[in-house]
Amino acid sequence: MKAVRIREFGGPEVLKIEDVPEPAIGPGDVLIQMEASGVNYADVMMRVGMYPINGLPITPGFEVAGRVVKVGDAVTEFKAADRVVAMMNAGGYAERAAAPAARVFSVPESLSAVQTAALPVNYLTALHMLREFGRLAPGESVLIHAAASGVGTAAIQLAKLFGARIFATASAEDKLALARELGAHETINYTTQDFAEIIKAGTGGRGADLILECVGGDVFDKSLHCLAPLGRLITYGVAGGVPGTVLTPLLLFNNLSVIGFHLGRYYQTRPNREPMHEILRLVAAGRIRPIISATFRLEEVARAHDYLSQRRTRGKVLLVP
Ligand SMILES: NC(=O)c1ccc[n+]([C@@H]2O[C@H](COP(=O)([O-])OP(=O)(O)OC[C@H]3O[C@@H](n4cnc5c(N)ncnc54)[C@H](OP(=O)(O)O)[C@@H]3O)[C@@H](O)[C@H]2O)c1
56 MKAVRIREFG
66 GPEVLKIEDV
76 PEPAIGPGDV
86 LIQMEASGVN
96 YADVMMRVGM
106 YPINGLPITP
116 GFEVAGRVVK
126 VGDAVTEFKA
136 ADRVVAMMNA
146 GGYAERAAAP
156 AARVFSVPES
166 LSAVQTAALP
176 VNYLTALHML
186 REFGRLAPGE
196 SVLIHAAASG
206 VGTAAIQLAK
216 LFGARIFATA
226 SAEDKLALAR
236 ELGAHETINY
246 TTQDFAEIIK
256 AGTGGRGADL
266 ILECVGGDVF
276 DKSLHCLAPL
286 GRLITYGVAG
296 GVPGTVLTPL
306 LLFNNLSVIG
316 FHLGRYYQTR
326 PNREPMHEIL
336 RLVAAGRIRP
346 IISATFRLEE
356 VARAHDYLSQ
366 RRTRGKVLLV
376 P
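Under this note's numbering, think of the first position of the sequence shown as 56, with each following residue one higher.
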């Protein structure tokens, strides 16, 4: 079967298509014929060597949707030909991918493979950050950076469902228009406007109750200064490549929290199937929807990575066979 392999860190050219054996499955695993595979910014960070992995070579890819090819002896919930979506630690950029049955979910007939593969990473990340980690309450304000990203588009829709007042930043006007269409109340172009001033003005000087921060550097530093008393900032990415700086006096004198979130590590410590079922139910009921930015063929994986690196995403980017 064909799979994308990274054998050395570098630009998109290090993403090579290779003929490899299909993944072996253990008793608790499911083998899936990939119909769509999510591309995440973390894959770009992985490719350039800025994401923790166990070593090279690696086939990236944290999520696939498709049909079950076969299951391990201990798997009773799934059978060949079932339509599923799955999360995995790696291996999604391939014609076939294996995942533990505990991370495989049946999908409603009404959703395409592209739509379902767009859900796990982005919507679970957004859900856990807003609810468990961010403790967002109805009527609170939330600032969502990189609002047109895969995670950003998910977070806006979920924050709207949770009854929050939503501020959203992005680097282009059409990204801000998408954020408004999804439910953002106030949008800010952080390349031309001072988001801290706008947040302060828009919250009567208090600041935001919750901030979802994935850029790092100046964006992180400035965000800390626009938290309301008792505010929470969740750091969940460093898209700009430069980490932020935590000012402990600012935290202690304002009762602020800076919280890290990493979906993969969270599920290693707290495995739970219900949140993904909840997302699938919300999508099936039309209360949230996957936002698809672009699809690329597996062979066009380098173009897909270029697309993300050039900040062109407006929603989710996916690979198809
Ligand atoms: N911790 C976790 O579990 C977890 C899970 C999923 C994603 N993430 C993180 O969440 C962020 C969004 O991920 P995604 O897959 O949804 O990303 P995406 O759709 O590719 O969007 C990334 C966005 O980040 C913004 N950005 C800011 N500085 C950038 C830079 N120097 N280079 C490229 N983009 C930059 C851009 O939006 P603007 O042009 O509007 O600035 C860009 O469109 C990433 O930082 C990712 O690592 C973390």
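C-beta atoms are modelled at their ideal positions from N, C-alpha and C, and glycine is treated no differently.
Have a look at the DSSP bridge pairing and note the partners of residue 180.
As far as DSSP is concerned, residue 180 takes part in no beta bridge.
Residue 196 lies in the alpha helix (DSSP H); which residues open and close that run?
Careful: residue 196 lies outside any alpha helix (DSSP H), inside the beta strand (DSSP E) at 196-199.
For ligand 1, is there a heavy atom less than 8 Å away from the beta-carbon of residue 158?
It does not: the Cβ of residue 158 is nowhere closer than 8 Å to a heavy atom of ligand 1.
Beta carbon of residue 233: closer than 8 Å to some heavy atom of ligand 1?
Taking 8 Å as the cut-off, the C-beta of residue 233 does not count as close to any heavy atom of ligand 1.
Can you tell me whether DSSP reads residue 144 as helix, strand or coil?
The answer is coil: DSSP assigns residue 144 none of H, G, I, E or B.
Just how far apart, CA to CA, sit residue 351 and residue 373?
Spanning the two alpha carbons is a distance of roughly 6 Å.
With residue 135 as the anchor, note down where its alpha helix (DSSP H) starts and where it stops.
First-last for residue 135: undefined, no H or E at that position.
Considering just the uninterrupted stretch of the alpha helix (DSSP H) at residue 157, what are its terminal residues?
Run containing residue 157: none; DSSP gives neither H nor E here.
At a threshold of 8 Å, does residue 177 count as lining ligand 1 (C-beta to nearest heavy atom)?
Under cutoff, so the answer is yes.
Can you find a heavy atom of ligand 1 that lies under 8 Å from the Cβ of residue 317?
Result yes, Cβ under 8 Å from ligand 1.
From 64, 78, 313, 343, pick the residue whose C-alpha is nearest to that of residue 207; which is it?
Nearest Cα to residue 207 within the set 64, 78, 313, 343: 343.
CA-CA distance, residue 306 and residue 319?
Cα atoms of residue 306 and residue 319: separation of roughly 27 Å, rounded to the nearest angstrom.
Where does residue 324 sit, in a helix, a strand or coil, going by DSSP?
DSSP places residue 324 within a helical segment (H, G or I) once states are collapsed to three.
Could you name the residues of the same chain whose beta carbon sits closer than 7 Å to that of residue 151, not counting the 5 residues immediately before and after it, in chain order?
Answer for residue 151: 56, 77, 78, 86, 87, 88, 89, 124, listed in chain order.
Could you pull the start and end residues of the alpha helix (DSSP H) that residue 315 belongs to?
That residue, residue 315, is in no alpha helix (DSSP H); its beta strand (DSSP E) goes 312-315.
Based on the DSSP secondary-structure assignment, which residues constitute the bridge partners of residue 248?
In the DSSP output, where bridge partners are listed per residue, residue 248 has none listed.
Are at least three pairs of beta-carbons, each pair with one atom in the stretch 161-178 and one in the stretch 240-247, less than 8 Å apart?
The stretch 161-178 vs the stretch 240-247: no contact.
Kindly list the residues whose CB is nearer than 8 Å to the CB of residue 117, restricted to its own chain and excluding five residues on each side of it in sequence; keep chain order.
If we look at residue 117 and ignore the five residues flanking it on each side, its Cβ neighbours are 93, 95, 97, 98, 142, 143, 144, 145, 147, 175, 176, 319.
Any idea what DSSP makes of residue 202, helix, strand or coil?
Annotated three-state conformation of residue 202 is coil, per DSSP.
Is there a Cβ from chain B that is less than 9 Å from the Cβ of residue 211?
Looking at the structure shown, chain B is missing, and only one protein chain is on hand.
Quick check on this structure: which residue in 205, 266, 259 has the alpha carbon closest to the alpha carbon of residue 345?
For residue 345, the nearest C-alpha among the options comes from 205.
As a quick exercise: from 129, 328, 337, 159, pick the residue whose alpha carbon is nearest that of residue 215.
For the residues 129, 328, 337, 159, the minimum Cα distance to residue 215 belongs to 337.
To the nearest angstrom, report how far apart residue 127 and residue 209 are at their CA atoms.
Residue 127 and residue 209 have their alpha carbons spaced roughly 33 Å apart.
Inter-residue Cα distance where the pair is residue 227 and residue 105:
A direct Cα-to-Cα measurement between residue 227 and residue 105 gives close to 26 Å.
Examine ligand 1 and report whether any of its heavy atoms sits within less than 8 Å of the Cβ of residue 327.
Between ligand 1 and the CB of residue 327, the shortest heavy atom gap is not smaller than 8 Å.
Tell me the DSSP secondary structure of residue 84 in three-state form.
It is a strand residue.
So for residue 152, helix, strand or coil by DSSP?
In the structure shown, the three-state DSSP call for residue 152 is strand.
Evaluate residue 84 with the Cβ neighbour count: other Cβ atoms within 10 Å of its Cβ, from every protein chain shown; 16 or more gives buried, anything less gives exposed.
The residue is buried, with at least 16 neighbouring Cβ atoms inside 10 Å.
In whole angstroms, what is the alpha-carbon distance linking residue 309 and residue 283?
A straight-line Cα-Cα distance of about 8 Å links residue 309 and residue 283.
For residue 241: DSSP bridge partner residues
Within the DSSP secondary-structure output, residue 241 pairs in a beta bridge with 222.
C-beta contact flag for residue 200 and residue 312 at 9 Å
Contact check for residue 200 against residue 312 fails: the beta carbons are separated by 9 Å or more.
Please report how far the alpha carbon of residue 281 lies from the alpha carbon of residue 180, in whole angstroms.
Rounded to the nearest angstrom, the two C-alpha atoms are 23 Å apart.
Do residue 69 and residue 102 have their C-beta atoms within less than 9 Å of each other?
Going by C-beta atoms, residue 69 is nearer than 9 Å to residue 102.
Cα-Cα separation between residue 327 and residue 218, rounded to whole angstroms
Using only the alpha carbons, I get a separation of about 25 Å.
What does the Cβ neighbour count give for residue 325, buried or exposed, with the cut at 16 atoms within 10 Å?
Counting Cβ neighbours within 10 Å, residue 325 comes out exposed, since fewer than 16 surround it.
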